[in-house]
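Protein chains in written order, with this note's numbering: chain A, 2 to 121; chain B, 170 to 668. Shown next, in structure tokens, is the structure this report addresses.
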């Protein structure tokens with residue numbers, strides 16, 4: 002049973018389905034062990050955005066406030082997409098790489114341990 | 170012959186149980202259309218024991234007497250400029266959180282109990298729910314009146330009702346009550362009547378009311394006292410409903426257990442706001458969140474669950490997680506509000522050196538290791554004139570709607586991410602219980618009005634943050650941002666003659 006409702010044929014409205022975002026899709030971005038940012042963030046992005054554009058234009062808005070941001074070596078950065086290890090191709094688009102609507106993409110930088118090495 | 174005076178017992182019977190009638194020409198099932206779909210089996214409503222032992226007539230008399238006393242004190246508080254006697258203007262931000270976040274919940278409870286007071290088949294239960302419904306309406310009114318005096322001197326109160334339907338963090342309490350109110354009558358009674366008003370109530374009211382007492386807020390303390398006897402009645406109703414359902418039919422046990430598992434977690438997540446209020450917002454602290462949790466949940470609710478064991482009820486599995494989270498919760502929560510306070514209707518601030526020492530003492534295993542450095546970073550940025558307001562919008566949990574800020578208890582520096590895929594769409598959760606609540610009823614939670622997604626869909630004023638602020642009725646530079654430099658802070662300095 003997917004809901005206990007008065008009528009068996011009740012269905013909820015999918016409030017955040019793809020078509021509600023005017024041609025964009027949602028991407029959540031997190032930076033593991035960098036808790037200066039209290040949580041991962043939500044960005045509406047074009048599905049045809051290339052990964053390089055994501056790095057150049059979206060990452061600074063997401064995490065640029067962190068003192069370690071400028072030290073990130075993007076060639077060595079590790080990624081977790083929807084809870085699985087992920088190897089991006091910087092020239093490919095989000096769609097081409099299987100980054101879908103409401104995907105969660107986490108940046109992992111083991112050499113950067115956060116403010117005072119405390120994971121912040 | 171003079172009219173005979175009724176004895177108390179007869180009077181009680183006539184004015185409560187005797188208000189019911191038999192359905193001779195209408196189908197009883199049509200009169201109570203919500204009574205069966207939840208799967209609860211009631212074999213005999215006559216077994217219901219009235220928890221209040223009150224007739225409406227005496228109820229009005231008691232309540233009117235309490236109101237008279239309460240409003241006399243409100244008047245005295247206003248005439249004596251009671252707002253100048255609080256410990257510090259920062260305290261008033263706890264009241265802003267209360268009025269915007271808690272008081273509308275009283276109204277939601279009023280509506281919910283009015284619904285169960287109509288839809289439960291037993292007259293005893295209906296009368297009790299109706300009385301509680303009226304109590305809840307009284308509570309939101311007396312809370313508004315207690316705080317209306319502060320509204321004359323502090324920012325962030327005036328649009329509380331408008332904000333409740335719109336602001337990102339207020340969707341947490343709002344969706345909590347809407348979840349309960351859109352359930353059937355018995356789930357609502359277990360959700361609000363038992364889980365919230367019985368098991369968790371002391372973790373909501375005692376912290377706010379003792380916080381008021383410790384911080385010189387006579388108006389709110391008096392409201393608390395005036396509500397106390399109502400709350401005591403609500404607790405007896407909560408206990409009666411769970412015992413009644415469990416005694417009526419053995420098939421009710423798994424349903425009730427599932428509701429308890431769901432609602433104690435939903436309630437606990439909601440109390441995150443109380444945790445940060447206790448540890449960070451009260452200038453004069455009462456006790457830590459951890460101490461409150463131990464006293465009011467681990468000790469008190471522990472005994473209650475022992476008592477319910479004879480019905481087969483078990484303490485929810487996740488209480489061990491909560492036990493670990495109690496050392497982290499308030500710190501993680503205040504950090505959310507600290508960095509998003511530009512979009513909040515109350516002020517936040519960096520804890521002072523003395524406050525941090527208090528936190529170290531209260532949280533010896535976690536504060537210095539995980540949280541003190543956050544405040545040091547914040548203080549460092551502030552000293553450079555770059556007070557930390559974060560960019561972008563947070564990812565929210567689909568169930569509790571709190572930003573995804575909670576961490577794994579096995580590694581408190583790692584955010585806890587959970588997800589489910591339903592109908593090819595991805596949904597995200599802050600925790601295992603929030604995920605399993607969704608998984609049990611996905612058709613309910615796909616419908617959640619998540620503030621961040623609504624902003625990004627253009628449904629909150631459209632455009633940028635300035636439009637969202639207009640949509641919120643949030644005065645930028647007045648009711649939001651850091652306490653330091655706020656109009657509240659300036660007025661306070663003026664009153665106190667501090668340069």
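For every residue, glycine included, the Cβ atom is placed at its ideal position computed from N, Cα and C.
If you ignore the 5 residues before and after residue 346 of chain B, its C-beta comes within less than 6 angstroms of the C-beta of 274, 277, all in its own chain and listed in chain order.
Among the residues of chain B, none has a CB under 7 angstroms from the CB of residue 58 of chain A; the nearest is roughly 13 angstroms distant. Runs of the alpha helix (DSSP H) lying entirely within the segment 386-464 of chain B and spanning at least 4 residues, in chain order: 387-417, 421-439, 441-445, 458-461. For residue 543 of chain B, the three-state secondary structure derived from DSSP is helix. Taking 9 angstroms as the upper bound on Cβ-Cβ separation, chain B lies near residues 12, 13, 14, 15, 16, 17, 18, 19, 21, 22, 23, 25 of the segment 12-25 of chain A. Interface annotation, residue 71 of chain A: not in contact with chain B, CB-CB separation never under 8 angstroms. Pairing residue 413 of chain B with residue 216 of chain B gives a Cβ-Cβ distance under 8 angstroms.
By DSSP's assignment, residue 72 of chain A forms no beta bridge with any residue. For residue 616 of chain B, the neighbours in chain A by C-beta distance under 8 angstroms run, in chain order, 13, 14, 15, 16. When Cβ-Cβ separations below 8 angstroms define contact, residue 597 of chain B makes contact with chain A. Note on residue 418 of chain B: under 16 other CB atoms within 10 angstroms of its CB, so exposed under the neighbour-count rule. In the DSSP annotation of this structure, residue 194 of chain B is not part of any beta strand (DSSP E), being labelled neither H nor E. Going by DSSP, residue 661 of chain B is part of the alpha helix (DSSP H) stretching over 656-665. DSSP lists B/598 as the bridge partner or partners of residue 587 of chain B. Any Cβ of chain B closer than 8 angstroms to the Cβ of residue 45 of chain A would place that residue at the interface, and such an atom is present. Beta-bridge annotation (DSSP): residue 187 of chain B is not paired with any residue. Across the segment 91-112 of chain A, CB contacts with chain B closer than 9 angstroms involve 101, 102, 103, 104, 105, 107, in sequence order along the chain.
Listed by position along chain B, the residues whose Cβ is nearer than 8 angstroms to that of residue 66 of chain A are 557, 559, 560. Contact with chain B is absent for residue 85 of chain A, since none of that chain's Cβ atoms lies less than 8 angstroms from the residue's Cβ. Put simply, the CB of residue 247 of chain B is far from chain A, with every gap to its CB atoms at 8 angstroms or more. For the 8 angstroms CB-CB criterion, residue 254 of chain B and residue 380 of chain B do not form a contact. Boundaries of the beta strand (DSSP E) around residue 29 of chain A: 26-32. The beta carbon of residue 96 of chain A lies closer than 7 angstroms to those of 48, 49 in the same chain, with the five residues before and after it left out. Taking 8 angstroms as the cut-off, the beta carbon of residue 106 of chain A is found closer than this to the beta carbon of residue 30 of chain A. By the rule that beta-carbons nearer than 8 angstroms mark a contact, residue 564 of chain B touches chain A. A buried status is given to residue 63 of chain A, since no fewer than 16 other beta-carbon atoms sit within 10 Å of its beta-carbon. Residue B/566 holds the alpha-carbon nearest to the alpha-carbon of residue 41 of chain A among B/518, B/233, B/566. Measuring C-alpha to C-alpha distances from residue 481 of chain B to each of B/425, B/195, B/541 identifies B/425 as the nearest. If you ignore the 5 residues before and after residue 328 of chain B, its C-beta comes within less than 6 angstroms of the C-beta of 642, all in its own chain and listed in chain order. Residue 194 of chain B sits exposed, since fewer than 16 C-beta atoms from the chains shown fall within 10 Å of its C-beta. Beta-bridge pairing by DSSP links residue 222 of chain B to no other residue.
Following the DSSP letters along the chain, one finds residue 310 of chain B inside the alpha helix (DSSP H) bounded by residues 292-320. From the beta-carbon of residue 37 of chain A, the residues of chain B found nearer than 7 angstroms are 546. In the three-state reduction of the DSSP assignment, residue 121 of chain A falls in the coil class.
The Cβ of residue 63 of chain A sits closer than 8 angstroms to at least one Cβ of chain B. Exposure of residue 401 of chain B is indicated by the presence of fewer than 16 other C-beta atoms within 10 angstroms of its C-beta.
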